[in-house]
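Peer 1: I am attaching a structure below and will ask some questions about it afterwards.
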Amino acid sequence: MSSIVRLSKCLVTEGLLNRGGHRVFQEPINFEIFQGEKWAIIGDSYRSKFLQTLKGSFNVSPTSTGRSYPLSLKKPDMKVELLQFVNNGSFGHGATDSSGGFTHLSSRYEFYKDAEVDETVQDFIANISYNSQHKIDPVFLGQLLDKVDLSGFQQKYITTLSNGQFRRARIAKSLYGRPDLLLVEDPFLGLDPVATKNISSVLEKTALPTTVCLGLKIQDTIPDWIEKVAIVDHTGIVKSGPKRDLVEMLRILKEKHEDHQLSLKKAVESKLFHALEQTSTTSETPILEMDNVNVLYRGKPALKNLSWTVRDGEKWHIRGKNGSGKTTLLSLITLDHPQSWNKHIKLNGQPRATGKTNYFDTNKQIGFTSPELHAIFPKNLTVEQAISTGFQTGSYIPPKLTQQQKDTIYRYLESVDLINQAQTKFKDLPVSSQKLVLLLRAMINQPKILILDESLSAMSNEDIIKGKYLIDHWKGCVLVIGHVENEVPKCDKFIDLNGANVGDYIIGDITN
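Structure, rendered in structure tokens:
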């Protein structure tokens with residue numbers, strides 16, 4: 001069995017040490033991956049740096065001879081693919097590396113498609129550009145589409161996919177290129193349980209004979225098919241070897257992580273309790289009403305006969321697998337959907353009607369954050385400017401602030417320990433802090449409805465606690481989309497959309 005990556009007493013650095021570069025890991029790295037192996041790299045943020053090391057993104061200074069780092073440096077035709085899902089979208093389409101998002105435009109532009117600027121799923125996965133003469137391998141493509149549960153999607157436009165569907169398409173695209181080494185960070189981030197199972201199966205079976213290495217958090221469940229594990233931190237590799245030999249060590253690490261989470265939660269909540277005004281609401285006024293609402297895509301129902309009432313102060317968890325209609329439902333509320341102007345939809349008791357319902361007036365009452373917003377949000381604004389845009393509707397240009405507005409921004413920043421970053425550029429923040437800033441932006445103008453689409457995904461554990469506390473103590477109505485239990489704030493009601501296209505809904509109370 002040949003070695004794909006071999007690091008022997010290697011120092012990993014960003015830049016050259018003799019020219020001001022610094023070490024990525026404190027200790028030299030000893031590590032080897034053989035062809036066909038299935039690895040999991042377990043740890044905090046350093047799992048990402050370790051995957052980048054395996055990709056060949058950093059400088060490596062061996063202190064001993066004999067290495068392959070990676071084999072692609074010696075074998076030009078070897079393919080190494082690194083996928084980093086830092087958000088619940090993915091790189092490479094309508095997004096930037098810093099956001100990791102995917103701009104889902106289907107609801108807004110479902111009737112406008114330009115073959116020169118949009119791609120079909122088939123062309124995206126096979127990497128076929130406009131007017132390309134390359135041929136598609138239909139058999140292999142069909143196998144991949146079947147494995148990632150996208151059969152029948154070949155001719156759909158990539159921008160019509162939900163975030164979860166696009167995630168699966170992105171992984172299929174990487175596998176279509178038949179890489180020798182596939183590195184995937186947080187492969188299951190933001191996916192529902194069914195999609196998680198599908199992607200795990202794809203990576204296990206379809207990836208053969210590809211060597212696969214997953215980057216996972218300490219609290220993540222390691223797939224059964226993973227053979228070997230490396231635990232990493234700032235020093236480098238803490239321990240590596242067959243998974244069966246590290247079961248006890250992984251159990252202890254998970255327990256320590258859970259204990260740390262409890263103490264961290266108490267500390268963060270105590271600070272936020274004293275920093276923020278405590279508010280509550282007892283209003284039973286319907287703020288949103290849908291009466292037998294129908295939404296069609298190309299003549300096929302996406303939402304059928306939906307009747308739903310949301311009252312002021314309620315917190316709703318909008319459930320459903322990827323592609324079930326959750327984003328469509330939210331786009332009806334925010335008037336981002338062409339079929340939003342519908343007399344069967346009422347906001348504050350007023351029916352929607354063309355010519356009578358104004359986009360800007362409606363969205364003054366709504367605070368919103370999502371992976372799509374993260375993907376397109378201006379990166380050169382300062383943190384203060386980014387949050388200030390929440391005081392207005394339909395513009396990312398920072399407004400002139402009153403002293404009261406500025407004081408409110410700084411009060412929130414202080415409560416979440418970001419006050420020292422007020423003048424930092426948004427793009428220079430970690431992804432977790434960026435998402436926390438966008439949450440504050442959604443809240444800053446005290447909207448009646450707070451829409452949170454995967455708002456806590458890709459956050460650090462500490463920032464998740466902060467975000468949950470802010471949402472739990474929010475006085476208005478909250479609508480939440482989230483697949484991972486730890487990333488969903490407390491809700492008192494739910495609506496399940498898994499049968500939305502046939503008019504089958506489950507609506508009820510959440511009991512703890």
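The UniProt record's numbering applies: residue 1 is where the sequence shown begins, and numbers increase by one. The beta carbon of each residue, even a glycine, is placed where N, CA and C say it ideally should be. Quick caveat: nothing in here was measured; it's all calculated off a predicted structure.
#1: Let's test the definition: count the other Cβ atoms within 10 Å of the Cβ of residue 180 and tell me whether it reaches 16, buried, or not, exposed.
#2: Enumerate in chain order the residues of its own chain whose CB-to-CB distance from residue 66 is below 6 Å, with the five nearest sequence positions on each side excluded.
#3: Are residue 341 and residue 226 close, meaning C-beta to C-beta below 8 Å?
#4: Rounding to the nearest angstrom, what Cα-Cα distance links residue 432 and residue 459 in this structure?
#5: DSSP state of residue 360, grouped into three classes?
#6: How is the alpha helix (DSSP H) around residue 485 delimited, first residue to last?
#7: In chain order, what residues of the same chain lie with their CB nearer than 6 Å to the CB of residue 49, ignoring the 5 residues before and after it?
#8: Return helix, strand or coil for residue 233, following the three-state DSSP convention.
#9: What residue range is occupied by the uninterrupted beta strand (DSSP E) comprising residue 367?
#10: Measure the alpha-carbon distance for residue 393 versus residue 127 and round it to whole angstroms.
#11: Determine, using beta-carbon pairs with one atom in the region 190-200 and one in the region 312-326, whether at least three such pairs fall under 8 Å.
#12: Going by DSSP, what residue range makes up the alpha helix (DSSP H) through residue 437?
#13: Jot down the residue ranges of each uninterrupted alpha helix (DSSP H) in the region 283-331, minimum 4 residues, whole runs only, in chain order.
#14: Can you tell me whether residue 223 is buried or exposed? The criterion is at least 16 other CB atoms within 10 Å of its CB, across all chains shown.
#15: Using the C-alpha atoms, what's the distance from residue 326 back to residue 199?
#16: Whole angstroms are fine: how far does the CA of residue 80 sit from the CA of residue 437?
#17: Is it buried or exposed, residue 520, if we count other Cβ atoms within 10 angstroms and call 16 or more buried?
#18: Going by beta-carbon coordinates alone, are residue 472 and residue 492 separated by less than 8 Å?
#19: Pull the bridge partners of residue 350 from the DSSP assignment, please.
#20: With residue 487 and residue 456 assumed to form a contact (beta carbons below 8 Å), what rounded beta-carbon distance in angstroms separates them?
#21: DSSP beta-bridge partners for residue 40?
#22: Check residue 337 in the structure and name its three-state DSSP category.
#23: Tell me the start and end of each unbroken alpha helix (DSSP H) in the region 456-486 that is at least 4 residues and wholly inside, in chain order.
#24: Using the rule of at least 16 other Cβ atoms within 10 Å of the residue's Cβ for burial, across every protein chain shown, is residue 360 buried or exposed?
#25: Applying the criterion that 16 or more other CB atoms from any shown protein chain within 10 Å of the CB defines a buried residue, is residue 447 buried or exposed?
#26: Buried or exposed for residue 454, please, with buried defined as at least 16 other CB atoms from any protein chain shown within 10 angstroms of its CB.
#27: Got a sec? Which residues, its chain only, sit under 7 Å from residue 442 by beta carbon, not counting five neighbours each side?
#28: Taking DSSP as the reference, what is the three-state secondary structure of residue 374?
#29: Could you check what DSSP says for residue 522 in three-state terms: helix, strand or coil?
#30: Can you tell me which of 146, 409, 468 puts its alpha carbon nearest to the alpha carbon of residue 383?
#31: Exposed or buried, residue 353, counting other C-beta atoms within 10 Å across all chains shown (16 or more means buried)?
#32: For residue 83, I'd like the list of residues in its chain whose CB is within less than 8 Å of its CB, leaving aside the five on either flank, ordered along the chain.
#33: Please identify the residue among 428, 236, 85, 9 whose C-alpha is closest to the C-alpha of residue 167.
#34: Give the single residue among 228, 251, 364 whose Cα lies nearest to the Cα of residue 243.
#35: Taking the C-alpha atoms as reference points, what is the distance between residue 52 and residue 160?
#36: Please classify residue 402: does DSSP put it in a helix, a strand, or coil?
Peer 2: Checking against the coordinates, here is how it stands:
#1: Start at 1 with the first residue of the sequence shown, and residue 180 comes out as number 180. So residue 180 ends up on the buried side.
#2: Here residue 66 refers to the residue found at position 66 when the sequence shown is read from its first residue. Summary for residue 66: the model assigns pLDDT 39, below 50, so the residue's position carries little reliability; its value from the coordinates is reported in the next sentence. Excluding residues within five positions, none has a Cβ falling inside 6 Å.
#3: Here the question's residue 341 lines up with position 341 in the sequence shown. Here the question's residue 226 lines up with position 226 in the sequence shown. In this structure, residue 226 does not lie closer than 8 Å to residue 341 by Cβ.
#4: Looking up residue 432 in the sequence shown gives position 432. Looking up residue 459 in the sequence shown gives position 459. Their backbone Cα atoms lie some 4 Å apart in a straight line.
#5: On the sequence shown, position 360 is the one that residue 360 refers to. Helix at residue 360.
#6: The count along the sequence shown starts at 1 and reaches residue 485 at position 485. DSSP places residue 485 in no alpha helix (DSSP H); its state is neither H nor E.
#7: Taking the first residue of the sequence shown as position 1, residue 49 is located at position 49. Only 24 meet the Cβ criterion.
#8: Within the sequence shown, the letter at position 233 stands for residue 233. In the structure shown, residue 233 sits in a strand (DSSP, three-state: E or B).
#9: Indexing the sequence shown from 1 puts residue 367 at position 367. For residue 367, the enclosing beta strand (DSSP E) begins and ends at 366-369.
#10: For the purposes of this step, residue 393 is taken as the residue at position 393 of the sequence shown. For the purposes of this step, residue 127 is taken as the residue at position 127 of the sequence shown. If you take the alpha carbons of residue 393 and residue 127, they lie about 38 Å apart.
#11: Short answer: they touch.
#12: Reading the sequence shown from its first residue, position 437 is the one you call residue 437. Per DSSP, residue 437 belongs to the alpha helix (DSSP H) from 431-443.
#13: With a minimum length of 4 residues, no continuous alpha helix (DSSP H) run stays inside the region 283-331.
#14: The sequence position of residue 223 within the sequence shown is 223, counting from 1. Label assigned to residue 223: buried.
#15: Working through the sequence shown from its first residue, we reach residue 199 at position 199. Working through the sequence shown from its first residue, we reach residue 326 at position 326. If I take the Cα positions, the gap works out to 21 Å.
#16: The residue you call residue 437 lines up with position 437 of the sequence shown. The residue you call residue 80 lines up with position 80 of the sequence shown. Distance between the alpha carbons of residue 437 and residue 80: 34 Å.
#17: Because the chain here runs from 1 to 512, residue 520 falls outside it and cannot be looked at.
#18: Taking the sequence shown and counting its residues from 1, the one referred to as residue 472 is at position 472. Taking the sequence shown and counting its residues from 1, the one referred to as residue 492 is at position 492. Cβ distance not < 8 Å, so residue 472 and residue 492 don't count as in contact.
#19: In the sequence shown, counting from the first residue as 1, residue 350 sits at position 350. In the DSSP assignment, the residues bridged to residue 350 are 347.
#20: Here residue 487 refers to the residue found at position 487 when the sequence shown is read from its first residue. Here residue 456 refers to the residue found at position 456 when the sequence shown is read from its first residue. Rounded, the Cβ-Cβ distance is 4 Å, consistent with contact.
#21: Locating residue 40 in the sequence shown gives position 40, counting from the first residue. Among the bridge pairs identified by DSSP, residue 40 is matched with 214, 229.
#22: The sequence position of residue 337 within the sequence shown is 337, counting from 1. Residue state, collapsed to three classes: coil.
#23: Counting whole runs of 4 or more residues, the region 456-486 contains the alpha helix (DSSP H) stretches 461-472.
#24: Within the sequence shown, the letter at position 360 stands for residue 360. For residue 360, the number of other beta carbons within 10 angstroms of its own is below 16, and it is reported as exposed.
#25: Residue mapping note: residue 447 aligns to position 447 of the sequence shown, counting from 1. The residue is buried, with at least 16 neighbouring Cβ atoms inside 10 Å.
#26: On the sequence shown, position 454 is the one that residue 454 refers to. Residue 454 should be labelled buried.
#27: Counting from one through the sequence shown, the residue named residue 442 turns up at place 442. 367, 368, 369, 390, 450, listed in sequence order.
#28: Counting from 1 along the sequence shown, the entry for residue 374 is found at position 374. Helix at residue 374.
#29: No answer is possible for residue 522: the residues shown for the chain start at 1 and end at 512.
#30: In the sequence shown, the residue the question calls residue 383 occupies position 383. The candidate whose alpha carbon is nearest that of residue 383 is 409.
#31: Against the sequence shown, residue 353 aligns to sequence position 353. Exposure of residue 353 is indicated by the presence of fewer than 16 other C-beta atoms within 10 angstroms of its C-beta.
#32: What you label residue 83 is simply residue 83 of the sequence shown in a count that begins at 1. Within the same chain, 90, 91, 170, 171, 174, 182, 183, 184, 185, 187 come within 8 Å of residue 83 by CB-CB distance, once the 5 residues on both sides are set aside.
#33: On the sequence shown, residue 167 is found 167 positions in, with the first residue counted as 1. A check of alpha carbon separations from residue 167 across 428, 236, 85, 9 identifies 85 as the nearest.
#34: Residue mapping note: residue 243 aligns to position 243 of the sequence shown, counting from 1. Out of 228, 251, 364, 228 has the C-alpha closest to the C-alpha of residue 243.
#35: The sequence position of residue 52 within the sequence shown is 52, counting from 1. The sequence position of residue 160 within the sequence shown is 160, counting from 1. So the two alpha carbons sit approximately 31 Å from each other.
#36: Taking the sequence shown and counting its residues from 1, one reaches residue 402 at position 402. Coil at residue 402, not helix or strand.
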